[in-house]
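S.K.:
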Amino acid sequence: MDRYRNFIDRIRQSEPTMPDNGDITERILGRIRLAEQERGLPPDTVAPQYGIHASHTARIRRIAAVSAAAAAIMTVLAVLPATVPDRTDHMTEISNAAVSSNENGMNRNNIDRYLQLKAKAELYPRAKAAAIKRYSHDNKEK
Amino acid sequence: MTGKAHISSDTCSRKAFEDIVRQYRQMVWRISLRMLGDPDEAEDAVQETFIRAWKALPGYDARYSMATWLGAIAARLCYDTLRRRTLHRRYELETSRSSYTDREQDPESGNIAEELERQLQTVTRSLSPMQRTVFVLREIEQLPFKEIRQITGWSEIQIKSNLYMARQSVRKAIKKHLTE
């Protein structure tokens, strides 16, 4: 058998003994008792659940994670407008818009249109009367 | 039923836990010692392992054996200690003044097991924390790969490649440091 295997086999078979054998159990239980007292638990109580959600460190980590996420969102929101291109070039500034220089002119145009329509409307009864007259004259001739 | 059997509140009581400590402390000590190489640090790791186990006991999954569960806690704890050591560059200093090395000069420490542990520390000194963890769990504790994967969270490829490198390193160290 090679030296390596021989050495490993000897190590496997050996049983190192712990010094102060009886003492260590007492020390461990003493520390547990101390932890119980610090937490105000009655002696010989059932060990409390120390899940990840219950641990102090986990709570601190959760708070840190939420704060970091909030900070990241705020940063993104702050940076976003600067990165978006300016899309106002197609808009017209209202102060530069063309404004009619003569407001009265507009009113005059409207009046003129009204008068023309009125004149046409007055022509209509006369044209009608003439048409009737001519129609009746034609009938008489027949 | 979720299949996750929670341990009864009776088992969670301190008296029942005392029995668990008595039954498994040697096993936890062995893993801790072989990973850390220092009896004092191993004793601290044993205490810490059982305190963590007590805290997590209500969530213990009865599908796994108590030995596997405690071994996993101890191995993770020791791996973290090894990594911290590497980060602080104290590893060489720590191993060079390990208690087992000190005991070599003690005339009463003629124990074969202690001598073997001292030799193990010598030949595994150059291993990285990952290699050391895999080496102890697979080569010495003989845990199956599946269990090592569950304990460490590493992939099988990572475990096998680290084990291969650890074996090569230990073979070289045995040739160099240990006499026939």
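Chains as they are written, first to last, in the working numbering: chain U, -5 to 136; chain H, 227 to 406.
C-beta: ideal position from N, C-alpha, C; glycine also.
1. Skipping 5 residues on each side, what residues in its chain have a beta carbon closer than 7 Å to that of R251 (chain H)?
2. Mind checking if W295 (chain H) is an interface residue toward chain U, Cβ cutoff 8 Å exclusive?
3. Just checking: is the beta-carbon of R(-3) (chain U) within a distance shorter than 8 Å of some beta-carbon in chain H?
4. With distances taken from CA atoms, which of H:S352, H:L342, H:L389 and H:L262 is nearest S8 (chain U)?
5. Could you give the C-beta distance for M261 (chain H) and R358 (chain H), rounded to a whole number, given that I count them as a contact under 8 Å?
6. If we count the other Cβ atoms within 10 Å of its Cβ and call it buried at 16 or more, is E382 (chain H) buried or exposed?
7. Report yes or no: is there a C-beta of chain U within less than 8 Å of the C-beta of E267 (chain H)?
8. Would you list, in sequence order, the uninterrupted alpha helix (DSSP H) runs of no fewer than 4 residues that lie entirely inside the stretch 242 to 290 of chain H?
9. Measuring only the C-alpha atoms, how far is P13 (chain U) from M68 (chain U)?
10. What does A339 (chain H) touch in chain U if you count any residue whose Cβ is under 8 Å from its own?
11. Count the other CB atoms, across all protein chains shown, that sit within 10 Å of the CB of I126 (chain U); report buried if there are 16 or more and exposed otherwise.
12. Specify the secondary structure class of T307 (chain H) as computed by DSSP and reduced to three states.
13. Taking L23 (chain U) as the query, report the chain H residues whose CB atoms sit under 7 Å from its CB, ordered along the chain.
14. State the CB to CB distance for the pair I22 (chain U) and F276 (chain H), rounded to an integer number of angstroms; the pair is presumed to be in contact (CB under 8 Å).
15. Give me the chain H residues within the contact set of T19 (chain U), using Cβ-Cβ distance strictly less than 8 Å, ordered along the chain.
16. When the Cα atoms are used, what is the spatial distance from G285 (chain H) to R278 (chain H)?
17. From what residue to what residue does the alpha helix (DSSP H) around D3 (chain U) run?
18. According to DSSP, is L404 (chain H) part of a helix, a strand, or is it coil?
19. On the criterion of 16 or more Cβ atoms from any shown chain inside 10 Å, does E269 (chain H) qualify as buried, or is it exposed?
20. If you count every other CB in all the chains shown that lies within 10 Å of the CB of E20 (chain U), and 16 or more means buried, which is it?
21. Locate the alpha helix (DSSP H) running through R351 (chain H), then write down its first and last residues.
22. Strictly under 8 Å for the Cβ-Cβ distance: is W380 (chain H) near chain U by that measure?
23. Are F361 (chain H) and L404 (chain H) touching if we call contact CB-CB under 8 Å?
M.R.: In terms of the structure at hand:
1. If you number the second sequence from 1, residue 251 (chain H) lands on position 25. Excluding sequence neighbours, R251 (chain H) sits near V272.
2. Numbered from 1 along the second sequence, position 69 holds the residue referred to as residue 295 (chain H). Not an interface residue.
3. As a position in the first sequence, residue -3 (chain U) is number 3, starting the count at 1. Interface residue, yes.
4. Taking the first sequence and counting its residues from 1, the one referred to as residue 8 (chain U) is at position 14. For S8 (chain U), the nearest C-alpha among the options comes from H:L342.
5. To locate residue 261 (chain H), count along the second sequence from 1; it is residue 35. To locate residue 358 (chain H), count along the second sequence from 1; it is residue 132. Yes, they are in contact, since the Cβ atoms of M261 (chain H) and R358 (chain H) sit about 6 Å apart, within 8 Å.
6. Taking the second sequence and counting its residues from 1, one reaches residue 382 (chain H) at position 156. Exposed, because fewer than 16 other Cβ atoms sit within 10 Å of the Cβ of E382 (chain H).
7. In the second sequence, the residue the question calls residue 267 (chain H) occupies position 41. Not an interface residue.
8. 265 to 282
9. Taking the first residue of the first sequence as position 1, residue 13 (chain U) is located at position 19. Taking the first residue of the first sequence as position 1, residue 68 (chain U) is located at position 74. Roughly 59 Å separates the two Cα atoms.
10. On the second sequence, position 113 is the one that residue 339 (chain H) refers to. Per Cβ cutoff of 8 Å: S8, E9, P10 and T11.
11. For the purposes of this step, residue 126 (chain U) is taken as residue 132 along the first sequence, with counting starting at 1. By the neighbour-count rule (16 or more Cβ atoms within 10 Å), I126 (chain U) is not buried but exposed.
12. By one-based count along the second sequence, residue 307 (chain H) stands at place 81. Note: T307 (chain H) maps to helix in three-state DSSP.
13. Within the first sequence, the letter at position 29 stands for residue 23 (chain U). Result: R240 and E244.
14. To locate residue 22 (chain U), count along the first sequence from 1; it is residue 28. To locate residue 276 (chain H), count along the second sequence from 1; it is residue 50. Contact flag correct, Cβ pair sits at about 5 Å.
15. Here the question's residue 19 (chain U) lines up with position 25 in the first sequence. The contacting residues are E244, V247, R248 and R251.
16. Taking the second sequence and counting its residues from 1, one reaches residue 285 (chain H) at position 59. Taking the second sequence and counting its residues from 1, one reaches residue 278 (chain H) at position 52. Their Cα atoms are separated by approximately 12 Å.
17. In the first sequence, the residue the question calls residue 3 (chain U) occupies position 9. Run containing D3 (chain U): R(-3) to Q7, per the alpha helix (DSSP H) assignment.
18. In the second sequence, residue 404 (chain H) corresponds to position 178, counting from 1. Of the three classes helix, strand and coil, the one that applies to L404 (chain H) here is coil, per DSSP.
19. Within the second sequence, numbered from 1, the residue matching residue 269 (chain H) stands at position 43. Per the 10 Å Cβ criterion, buried.
20. Counted from its first residue, the first sequence places residue 20 (chain U) at position 26. So E20 (chain U) ends up on the exposed side.
21. Walking along the second sequence from the start, residue 351 (chain H) turns up at place 125. Run containing R351 (chain H): none; DSSP gives neither H nor E here.
22. The residue labelled residue 380 (chain H) in the question sits at position 154 within the second sequence. It does not: the Cβ of W380 (chain H) has no partner Cβ on chain U nearer than 8 Å.
23. Numbered from its first residue, the second sequence carries residue 361 (chain H) at position 135. Numbered from its first residue, the second sequence carries residue 404 (chain H) at position 178. In this structure, F361 (chain H) sits away from L404 (chain H), with a CB-CB distance that is not shorter than 8 Å.
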